[in-house]
Amino acid sequence: MSDLQLTILKTLGEKGTIADSSAEFPEINPLTFQSALNSLASKSMIEYKTHESEKYLLNDEAQDIVANGSHEYRLLNKVLESLEGLKISEVDSFMGKNGKVAQGRAFKNGWIGKDGDKLVTKLDKDATVKDSTAEQLKEIEKTGTLANKKDLTELKKRKLITLTKVFTFSVTKGTEFALEIKQLETDITSDMITSGSWSKAEFKPYNFNSQGVIPQAGALHPLNKVREEFRQIFFSMGFSEMPSNQYVESGFWNFDALYVPQQHPARDLQDTFYLKDPVAAKAPEDKEYWDNVKLAHEGGAFGSIGYRYPWKGEESLRTVLRTHTTAISAKMLKDLAKDPKPTRLFSIDRVFRNEAVDATHLAEFHQVEGVFADYNLTLGDLIGFMQQFFSKMGVHNCRFKPTYNPYTEPSLEIYAWHGGLAKWVEIGNSGMFRPEMLQAMGLPKDMRVLGWGLSLERPTMIKYGVSNIRELLGHKVDLDFIESNPAARLDQDIF
Ligand code: PHE
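387 is the number of the first residue of the sequence shown in my numbering; add one for each residue after it.
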């Protein structure tokens with residue numbers, strides 16, 4: 387407890403109020419005073435008001451004048467002391483740099499004159515001399531200003547005084563006023579419990595206005611925050627998460643199972659990363675399925691004429707970094723064929739494409755993907771379902787455009803209006819999986835499967851205002867950016 391706080395309480399105890407802190411405690415810095423007041427006010431021991439005003443303060447030279455008289459007054463005294471007059475050449479030796487001012491003002495006041503190389507007094511023997519500079523400064527020291535504005539301006543010009551803002555406080559007793567400051571407890575301790583003193587202890591109230599200490603803890607990457615939002619949307623719509631923790635796939639699951647022909651450009655080295663080691667994957671255990679896929683591609687199965695080319699098992703077993711999470715969806719749908727029933731599945735995970743890297747593209751990114759299997763689904767179901775899904779992430783006006791995917795027919799691109807860019811932007815791709823794919827797996831003819839995918843990066847970049855993808859993913863990511871970004875809410879003003 388500071389002595390100042392006790393002094394304030396004592397003064398209040400004696401006088402009832404402190405009308406003007408600067409008069410009562412002239413030597414105390416107003417900031418120090420205010421912090422003492424704040425501390426007492428927080429305990430309701432006092433109440434106080436702040437008063438702001440302007441006041442002239444004396445600078446060092448002026449304070450010297452108040453203590454020892456003005457330069458001209460000191461010079462006059464010297465002249466009076468020297469019976470035969472004061473040599474002008476000696477003035478500087480005791481007046482220093484103020485010699486000139488002293489002479490000028492003493493001449494102007496009619497106190498001294500020149501006699502050859504000497505200064506002599508011009509005053510009558512019994513004349514009384516008024517040191518008005520010193521007196522004016524004394525008045526300013528006391529009241530902060532002067533009634534005579536001309537004198538005030540003159541002193542300002544001589545840089546003896548400066549105008550400053552001053553804060554003073556008026557203080558009255560508060561509801562908890564006392565001469566001593568109670569030590570309030572901040573914590574309940576085991577000693578207090580064993581001794582029973584806790585029941586009489588007074589506790590410091592919580593200060594809900596104080597800023598909390600930021601806990602030292604890890605932080606989720608913005609991509610993970612948005613991923614979490616997507617997961618919640620999927621869960622709220624009855625979807626379960628697919629096991630997508632596998633980056634290496636066979637061409638079979640990544641392409642062939644999805645009815646992507648082996649000569650499709652997406653399978654080129656320019657688009658897909660192939661692995662050297664292991665160079666080949668195992669064929670799926672279900673031999674009949676393997677044969678079905680071959681049949682579907684070559685032609686003559688499931689009401690389709692196929693692509694009519696010689697399908698190579700070897701090509702389908704090449705290992706690739708998966709180019710889309712639809713490889714996982716395909717495997718899950720194949721499993722579903724064992725016990726077909728309406729099913730909703732999703733995944734959010736990393737995929738790889740051999741792309742030219744620029745501000746918005748990397749060779750890897752994350753896909754958000756959903757598949758939805760049920761009997762007799764139609765294109766209307768796909769559109770309605772997409773509207774429902776995207777409205778959950780704050781996109782209420784979708785547009786659909788026909789597109790082509792090897793594994794879906796019909797296929798639709800989904801567009802949303804981007805207010806910031808003032809244009810329609812593509813936000814997803816969707817479609818109804820082809821019978822060549824589903825029936826080869828053994829799914830019933832009337833079971834339809836809707837699927838759609840979008841990138842995780844695009845909504846994250848929009849949400850967090852990131853224009854270069856390298857700021858989001860890779861070694862250039864700023865850790866501070868990760869730590870300080872708030873949680874994402876997709877349903878709030880994303881587009
Ligand atoms: N795999 C597609 C893509 O890479 C997304 C998609 C998934 C489309 C499922 C239709 C059905 O964009």
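Ideal Cβ positions, reconstructed from N, Cα and C, are used throughout, including at glycine.
How would you call residue i, buried or exposed, if buried means at least 16 neighbouring beta carbons within 10 angstroms?
| i | result |
| --- | --- |
| Leu395 | buried |
| His861 | exposed |
| Gln569 | exposed |
| Pro872 | exposed |
| Glu700 | exposed |
| Val557 | buried |
| Ala453 | exposed |
| Gln618 | exposed |
| Asp642 | buried |
| Arg704 | buried |
| Thr529 | exposed |
| Lys611 | buried |
| Lys849 | buried |
| Gln489 | buried |
| Leu768 | buried |
| Arg708 | buried |
| Thr846 | buried |
| Ala874 | buried |
| Glu438 | exposed |
| Glu674 | exposed |
| Arg653 | buried |
The ligand PHE heavy atoms versus the CB of residue i: any closer than 6 Å?
| i | result |
| --- | --- |
| Asn762 | no |
| Asn640 | no |
| Ser630 | no |
| Ser841 | no |
| Asn740 | no |
| His650 | no |
| His710 | yes |
| Gly837 | yes |
| Gly817 | yes |
| Thr846 | no |
| Thr794 | yes |
Between the beta-carbon of residue i and the beta-carbon of residue j, is there less than 7 Å?
| i | j | result |
| --- | --- | --- |
| Ala749 | Glu741 | yes |
| Ile714 | Met628 | yes |
| Ala605 | Glu869 | yes |
| Gly496 | Val506 | no |
| Pro792 | Tyr645 | yes |
| Ala808 | Val781 | no |
| Met827 | Lys720 | yes |
| Val737 | Thr658 | no |
| Thr550 | Asp406 | no |
| Glu447 | Leu546 | yes |
| Gly692 | Ala682 | yes |
| Thr711 | Ser630 | yes |
| Thr789 | Phe819 | no |
Bridge partners for residue i per DSSP, in chain order?
| i | result |
| --- | --- |
| Gln753 | Asp735 and Ser841 |
| Tyr660 | Val706 |
| Pro788 | Leu798 |
| Trp810 | Trp803 |
| Asp744 | His747 |
| Val557 | Ile404 and Tyr434 |
| Glu627 | Phe732 |
| Asn815 | Glu799 and Gly839 |
| Thr550 | Lys441 |
| Lys473 | Lys504 |
| Gly490 | Its beta-bridge partners do not exist; DSSP assigns none. |
| Ile414 | In the DSSP output, where bridge partners are listed per residue, Ile414 has none listed. |
| Ile498 | Thr507 |
| Asp760 | Arg834 |
Residue i and residue j look like a contact to me (Cβ under 8 Å); what is the Cβ gap, rounded to whole Å?
| i | j | result |
| --- | --- | --- |
| Phe589 | Leu398 | About 25 Å separates the two Cβ atoms, so there is no contact after all. |
| Glu571 | Ala587 | 5 Å |
| Leu461 | Ala492 | 5 Å |
| Ala716 | Met833 | Ala716 to Met833, Cβ: 15 Å. No contact. |
| Gly471 | Asp501 | 6 Å |
| His752 | Glu615 | 13 Å between Cβ atoms; not a contact. |
| Leu836 | Leu763 | 6 Å |
| Asp503 | Ser468 | Actually they are not in contact, since the Cβ atoms of Asp503 and Ser468 sit about 13 Å apart, beyond 8 Å. |
| Thr548 | Tyr442 | 7 Å |
| Ile800 | Met772 | 6 Å |
| Ile855 | Ala745 | 6 Å |
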